[in-house]
Amino acid sequence: MSGDLGLRRPALLGWLRLMRVHQKVNRASGEQLKGWDLSLAQFDVLAHVGATEGISQQELADSLLVTKGNVCQLLDRMEGRGLILRRQEGRAKRLFLTEEGRKLFDEAVPAQQTMIAERFSVLSEEEQSQLYELLRKFDRALDAI
C-alpha cells in the first residue's frame, strides 16, 4: 500500500504527465519537420539564428536544447547544407542564415508555431499563460539547485 501512495503524489503524476505531453508534441514536431529534412535540434538552431542574426556560436550553445558537444556537428551539417554561415569576428564565431536558410526559416518557423498553437488550443489563453508561468518558475528553481 505504501508503494501505491508514491504513485499518487502530485509531483510524480505531474512529471509523468509532462513527459507524456512532451513526447506527443515532440513526435508531432518531428513528423512535421521531416518535410523540410530538419531534426528538432536543427530546427532549434534555425529558429535561434534566424531570430538573432549574428549570435555567437557560444551564445547559441548556451541556449540550445542539445548538449554543447553536439553544437559543432550540428552547425557543420547545417553549414554543409548551405543553411548557415559562420564568420569569425574577433574571438567569436558569429552565425548567420544564408539565403536558403532564410527561406527555410520563413517557411518552417511559422508552420511550427501554427502546429504548436493548435496543440495548445485546448487551453484558453489565460491557461496557456498560467502554464508558461508555472513552467518558467519550475525551470528557474531547477537552475538554482
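If you want our numbering, it's the 1-based position in the sequence shown plus 16.
Cβ atoms here follow ideal geometry from the backbone N, Cα and C, with glycine treated the same way.
- Residues of the same chain with a CB within less than 8 Å of the CB of Gly-46, apart from the 5 flanking positions on each side, are Ser-55 and Leu-56 in chain order.
- If you compare the alpha carbons of Ile-71, Arg-118, Arg-97 and Val-41 with that of Ile-132, the shortest gap goes to Val-41.
- The beta carbon of Ser-79 sits closer than 7 Å to those of His-64, all from its chain and outside the five residues before and after it, given in chain order.
- Between Val-125 and Gly-66 the beta-carbon gap is near 7 Å, inside 8 Å, which marks them as a contact.
- The Cβ atoms of Leu-99 and Gln-73 do not sit closer than 8 Å to each other.
- Contact between Phe-121 and Leu-76 does not hold, since the beta-carbon distance rounds to 14 Å and is not under 8 Å.
- According to the DSSP secondary-structure assignment, Ile-161 is paired through a beta bridge with no residue.
- Residue environment: Phe-154 is assigned as exposed (fewer than 16 neighbouring CB atoms within 10 Å of its CB, all protein chains considered).
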